[in-house]
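Below: the structure, in structure tokens.
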Amino acid sequence: MSEKFDIIFSNKNDFQSYYDENDSALYRLRDLSNINILIGANNSGKSRLIRNFLKCKTCFYEDRCHLQNTIVSFNDIINENSFGAYNFVQNVRYQGYQNANREILFKNLNYSDNQFEILKLIDFNINVLQMLSNSNDLIKEFNGKSYTRLDNYKELLSNLLDELKDMIHIDFLKNKKQIFIPTLRTAHSIFSIKKEIFSKISEDIFKNTIIKSYELDKEKVDIFTGLDLYYQIVNTRNDIKEKRESFEKFEEFLSENFFQNKKIEIVAKFNIYDKHDGKDDSEIINVYIDGESNDLHQLGDGIQALFILMYKIYTCENDSLIFIDEPEINLHPGMQRLFLEQITTNKFLKEKNLTYFISTHSNHFLDLTIEKDDISIFLFNKVNKDKFVVKNVNHGDNSALQYLGVTNSSVFLANCSIWVEGISDRNYLKAFLKAYCRDKKITYPKEDIEFAFIEYAGSNIDHYNFDEEELKEKINAFSINNKIFLISDYDGEYKDNKHQIYQQIADENENFIYQTTKDYKEIENVLPFKVWDKILIHFCNKRKVKTKEEIERIQNLISNSLKRKKEETYKDSYIGKLLKNIKANVPELNKIWDKAEGTLMNKSEVSYKVLELTEKEEITWDDFKDNDKIVSITHEMYNFIQKSNYK
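Here it is as structure tokens:
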């Protein structure tokens with residue numbers, strides 16, 4: 131499946147209370163991803179939509195972008211050629227396909243939200259193709275008009291039409307396991323007591339409650355509440371090799387993220403003699419950490435909460451649909467980030483090709499999705515008890531965050547903080563740190579637990595909205611309980627005064643460390659030419675850069691242009707000077723800088739691309755380490771985080 135797709139509801143009554151932002155009945159969800167986040171206030175219809183989905187018998191998958199592109203390809207071929215024939219003898223079997231002039235011609239396909247309309251045109255053209263290919267009683271010339279023979283186009287047109295037909299009415303639910311993790315969940319075993327004797331409640335009363343309350347089909351939907359976690363572990367431990375391996379991957383996840391890579395073994399304790407005697411209070415889940423036994427319920431609510439979520443995700447079948455109601459329950463913001471990073475970047479989980487639908491109230495979840503362009507967000511709003519409006523929120527759309535009233539509280543929750551002037555600085559520093567950790571084969575620090583990025587808005591200081599003493603007071607107040615690493619660009623009217631104030635605070639306060647891009651105009655100026663060489667192709671005119679050959683040609687132009695330049699020349703000028711000079715050699719490069727030779731017009735877009743390519747390992751530490759300033763900042767930042775967490 132592609133990165134973005136639509137779901138079309140075959141039975142509109144399944145979602146009759148839902149409307150899109152144009153106030154039309156909701157019959158399709160557009161631009162979904164493998165990870166879909168549903169947000170909104172209480173009673174805004176998020177969880178109800180998930181439950182309706184779980185009751186849905188059929189819905190269709192549509193790769194709208196691919197479908198539209200394939201339609202264009204078909205139309206281009208038939209419009210560039212004069213395929214057709216003439217029904218000279220007026221054979222009745224052709225009359226349903228001929229026009230008023232008795233010509234049998236292909237029809238242009240038009241994309242429609244109604245798949246039946248597209249299908250009718252596809253079938254029409256399939257029949258026309260068969261007639262033009264096999265009918266001897268149709269003539270190719272008439273009244274001086276000559277029709278193009280199909281020849282080599284026959285197979286191409288046939289393949290395109292078959293491909294188009296295969297894209298229509300794809301059952302989204304077919305052969306997919308549906309897993310529902312409701313809010314009613316726990317990793318604890320539940321006990322009853324009679325005559326001072328504890329007895330474990332083996333029946334999954336949470337699951338039964340969900341089935342009863344929401345009329346879900348227990349045969350169709352795997353409802354996981356955690357109450358049968360003990361028995362699931364017993365079964366998984368004794369299952370086929372693939373299941374056992376997925377469980378071992380889950381143990382590795384716990385080891386790497388919570389127990390400093392110590393050996394983890396999860397055991398469902400079982401005493402056969404107690405079982406024979408009718409006693410089951412010893413049936414508990416043990417987590418062995420380097421051989422030391424710990425009951426699961428002793429490891430803290432956060433680990434237990436994440437245990438339930440990640441266990442099912444790691445051990446489920448490939449291609450499953452995962453529905454989760456409020457995963458943030460009992461999860462510290464840092465663990466929310468860990469959960470999201472696992473499902474978005476973990477190689478083992480990505481290979482499982484899972485699709486997630488997650489309802490949440492967590493503004494922290496939303497804050498994290500700003501960094502991800504492969505996540506879809508749907509904003510829910512309740513109009514009345516019978517009407518809910520669903521809006522698809524574009525990547526980076528702040529309306530979703532504003533709707534929940536986001537404030538950055540990470541500074542109070544992480545063990546130290548990295549202060550940056552804006553989102554672009556944050557993205558660059560993350561890219562540097564991730565590339566460095568990968569190169570050194572060390573674990574990337576846990577964001578929002580071990581450290582957090584704080585955007586302090588450097589412009590406030592540049593324009594002196596408060597005086598020197600007020601600035602010192604603010605930073606010192608924050609640093610009482612939170613160690614601060616602050617980095618700033620070395621630009622602006624007051625750059626020397628700003629640097630002097632920061633440096634003075636750092637000298638006086640051991641909880642405050644200061645770094646600057648001094649000797650470079652802005653943080654973009656520290657990026658080595660190797661990095662610009664890898665990202666600029668993504669900022670060229672896409673209408674002129676379509677084919678593989680065009681991409682290779684323009685990439686060579688970019689590379690050659692950079693080879694003729696010296697990095698030192700552009701250290702203390704806005705990056706627009708470099709890009710303007712490259713554009714002189716590469717006219718396809720878009721003007722992404724301000725004024726004649728100014729700063730970037732959309733700094734965040736460029737920084738996202740650097741971070742994205744770093745996460746894909748297309749940009750590596752070998753690219754970054756060419757710049758001594760990057761090496762210095764990254765080393766000091768990493769050591770600062772380690773010292774703040776592991777003195």
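Residues 131 to 777 in this note's numbering are what the sequence shown lists, from first letter to last.
Even glycine gets a Cβ: it sits at the ideal position worked out from N, Cα and C.
Cβ contact (3+ pairs, closer than 8 angstroms) linking the stretch 257-268 and the stretch 155-168: no
message: Taking only three categories from DSSP, how would you classify Arg315?
response: coil
- prompt: On the three-state DSSP scale, how would you describe Phe596?
  reply: Confidence is the limiting factor: at Phe596 the pLDDT is only 39, short of 50, which leaves the residue's position unreliable, though a coordinate-based value still follows. The answer is coil: DSSP assigns Phe596 none of H, G, I, E or B.
Sorted by chain position, which residues of the same chain lie with C-beta nearer than 6 angstroms to Lys337's C-beta, five sequence neighbours on each side aside? Excluding sequence neighbours, Lys337 sits near Ile353 and Thr355.
| For Phe310 and Thr278, the rounded distance between their alpha carbons | So the alpha carbons of these two residues sit roughly 56 angstroms apart.
State the start and end residues of the unbroken alpha helix (DSSP H) segment that holds Ala726.
Premise fails: Ala726 is in no alpha helix (DSSP H) and is neither H nor E.
Exercise. Look at Ile681 and Ile667 and say whether their C-beta atoms are less than 8 angstroms apart.
Key: Contact: yes.
Exercise. What's the C-alpha gap between Ile438 and Leu357?
Worked result: Approximately 10 angstroms between the Cα atoms of the pair.
request  = Specify the secondary structure class of Lys330 as computed by DSSP and reduced to three states.
outcome  = strand
* Near Tyr444, which residues of its chain fall below 6 angstroms by C-beta distance, leaving aside the five closest residues on each side in sequence? -> The answer, listed in chain order, is Ser376, Lys379 and Phe380.
TODO: Starting from the C-beta of Phe453, find all residues in its chain whose C-beta is less than 6 angstroms away, skip the five residues before and the five after it, and write them out in chain order.
DONE: Ile180, Phe310 and Phe487
Q.
Taking the beta carbon of Ser489 as the centre, do at least 16 other beta carbons fall within 10 Å, making it buried, or is it exposed?
A. buried
- Item | Cβ contact check for the stretch 554-564 and the stretch 737-748: 3 or more pairs under 8 angstroms | Contact between the stretch 554-564 and the stretch 737-748 is present: three or more C-beta pairs spanning the two stretches fall below 8 angstroms.
| Once you ignore the five residues that flank Asn211 on each side, which residues in its own chain have a CB closer than 6 angstroms to its CB? | Thr278
Inter-stretch contact at 8 angstroms, needing at least 3 Cβ pairs: the stretch 729-741 / the stretch 653-664:
yes
Query - Glu698 - DSSP class collapsed to helix/strand/coil - result: Residue state, collapsed to three classes: helix.
| task | Decide if Arg367 is buried, meaning its Cβ has at least 16 other Cβ atoms within 10 Å, or exposed. | result | exposed
* beta strand (DSSP E) runs wholly inside the stretch 440-524, at least 3 long, in chain order -> With a minimum length of 3 residues, the unbroken runs of beta strand (DSSP E) contained wholly in the stretch 440-524 fall at 451-455, 485-490, 505-514 and 517-523.
Assuming contact is defined by CB atoms lying nearer than 8 angstroms, are Asp753 and Val661 in contact in what I supplied? In this structure, Val661 lies closer than 8 angstroms to Asp753 by Cβ.
Can you list, in chain order, the residues of its chain with a C-beta nearer than 7 angstroms to that of Lys306? Leave out the 5 residues immediately preceding and following it. Asp449, Ser450 and Leu451
Ordered along the chain, which non-local residues of its own chain (more than five positions away) have a Cβ less than 8 angstroms from that of Phe518?
Ser147, Tyr148, Tyr149, Ser174, Gly175, Arg178, Leu179, Phe510, Asn511 and Lys512
message: Alpha carbons only, please: which of Leu426, Lys613, Asp431 and Ala636 is nearest the one belonging to Leu359?
response: Leu426
(message) Going by DSSP in three states, Tyr224 sits in which element: helix, strand or coil?
(response) helix
Query raised in the report: Lys676 by DSSP, collapsed to three states: which one?
Result: coil
**Study point:** Separation of Lys187 from Tyr418, as counted between CA atoms
**Key:** 43 angstroms
Checklist entry - Just how far apart, CA to CA, sit Thr646 and Gly432? => result 37 angstroms
Determine the contact status of Pro463 and His494, defining contact as a CB-CB distance below 8 angstroms. yes
Would you kindly report the start and end of the unbroken alpha helix (DSSP H) that includes Gly81?
Since the first and last residues shown for the chain are 131 and 777, residue 81 lies out of range.
(Q) Distance check for Lys564 and Asn690, CA to CA, integer angstroms please. (A) 29 angstroms
Would Asn545 and Phe581 be called neighbours here (beta carbons separated by less than 8 angstroms)?
Yes, Cβ-Cβ distance for Asn545 and Phe581 is below 8 angstroms.
State the Cα-Cα distance for the pair Leu235 and Ser506, rounded to the nearest angstrom. 41 angstroms
Helix, strand or coil: how does DSSP classify Lys755 here?
Secondary structure at Lys755: coil, using DSSP grouped into helix, strand and coil.
message: Measuring straight from C-alpha to C-alpha, what distance separates Gln772 and Ser554?
response: When rounded, the distance between both Cα atoms is 24 angstroms.
Who pairs with Ser618 in a beta bridge, going by DSSP? Looking at the DSSP assignment, Ser618 forms a beta bridge with Thr646.
### Task
Kindly give me the distance between the Cβ atoms of Leu259 and Ile207, rounded to whole angstroms, as I take these residues to be in contact under 8 angstroms.
Wrong, their Cβ atoms sit about 11 angstroms apart, outside the cutoff.
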